Structure formats: C-alpha cells, structure tokens
C-alpha cells in the first residue's frame with residue numbers, strides 16, 4: 001500500500017475527514033516522527049511500537065565489486081521496534 | 093515524544109477538536125496494523141517501508157538463567173527507513 005492509498009483509507013475510516021484533511025494529517029504524522037528522530041529523540045506509541053535512533057559503530061567493510069577494504073564511518077540510523085501488541089498481532 | 097505530542101501536532105494543523113485529533117491518531121495506528129496484519133507492505137514515501145518478514149528459528153539463551161532455548165520461527169515487522177529519513181537522521185538535520 002502506498003501513502004496515497006493509505007490517505008484514502010484514513011479518509012474512508014473517519015467520516016468527517018475530507019481527503020485533503022487526511023493528506024495533511026498523514027503527512028504531519030510521519031513528519032512529526034521524522035523530526036523527532038532527526039533531533040535524536042525517540043517516539044513511543046503505546047501498543048504499536050517505538051521509533052528511535054541507533055548508533056552504528058564504524059567498521060571495516062568491503063567494496064562488494066572490487067573487494068578492497070573501506071572504512072565505514074560511525075553513523076546514526078533510524079530504527080523501529082514493534083510493541084508487544086503489534087508483535088503478537090503479526091506473529092499468529 | 094508520546095502519542096499525545098503527535099495528537100497536538102495534528103490538532104495545531106487543522107480545525108479539529110482534541111478528541112477528534114486523538115481519535116484520528118488512533119485510527120492511523122489501527123489502519124497501519126490492519127495493512128500489516130494482512131501481510132501487505134506499507135510504503136510511506138520519504139519516510140520508509142513497513143513490512144512483515146518471516147523470522148527463522150534459531151537458538152538463543154534465556155538471559156536470566158543462561159539456558160539455551162529455541163526461538164521459534166514466526167512473523168515479525170521490519171521497518172526499512174527511506175533514503176530521505178536515513179540521510180536526515182545521519183546528518184541530524
């Protein structure tokens with residue numbers, strides 16, 4: 001499902017929402033989570049899961065084509081941990 | 093950031109009551125769960141992709157007792173951040 005299909009779904013689920021409002025809402029929802037991660041904080045959504053930033057240590061990697069060693073610098077990556085309720089729902 | 097902060101962000105954007113904003117955030121999460129429960133991928137452009145993946149069985153250990161225990165196969169959620177989000181988080185801006 002794409003974002004635009006997801007927006008249409010939301011507009012259908014909530015009878016007082018127009019498609020335009022649903023678009024603003026879905027964009028705001030994901031932008032707010034992204035902003036929080038960019039600032040290095042985490043987002044906890046009870047029953048769903050949490051988004052946070054994980055620090056990956058620097059390591060020696062290899063160029064998969066040439067096989068030469070390259071150093072991969074330390075970096076921050078976004079990470080999602082599903083909550084218990086979501087895990088149980090999916091794992092059936 | 094908690095769900096309440098997310099509700100406030102949405103409430104600030106549109107002419108909705110707090111209650112409506114909270115209901116909408118809950119509905120977003122319900123709809124996301126429904127998509128994933130049906131085994132469908134959810135692609136949010138610029139943000140990332142949520143998908144259901146098969147988890148292979150493997151041997152793990154009970155962290156309390158140290159005993160070996162089998163971790164059963166099953167389904168799990170994988171979130172793959174999109175390029176825009178990955179770059180923004182890596183650069184912190």
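Chains as they are written, first to last, in the working numbering: chain A, 1 to 92; chain B, 93 to 185.
For every residue, glycine included, the Cβ atom is placed at its ideal position computed from N, Cα and C.
Quick caveat: nothing in here was measured; it's all calculated off a predicted structure.
Residues near residue 28 of chain A by beta carbon distance below 8 Å, same chain, minus five either side: none
Backbone CA spacing between residue 155 of chain B and residue 184 of chain B [nearest angstrom]: 34 Å
Chain-ordered neighbours of residue 125 of chain B on chain A, where CB pairs are closer than 7 Å: 86 and 89
Sheet register partners of residue 169 of chain B (DSSP bridge): B:144
Simplified DSSP assignment, three categories, for residue 108 of chain B: coil
Residues sharing a beta bridge with residue 72 of chain A, DSSP: A:59
Span separating the alpha-carbon of residue 37 of chain A from that of residue 121 of chain B: 19 Å
Beta-carbon gap between residue 95 of chain B and residue 103 of chain B smaller than 8 Å: no
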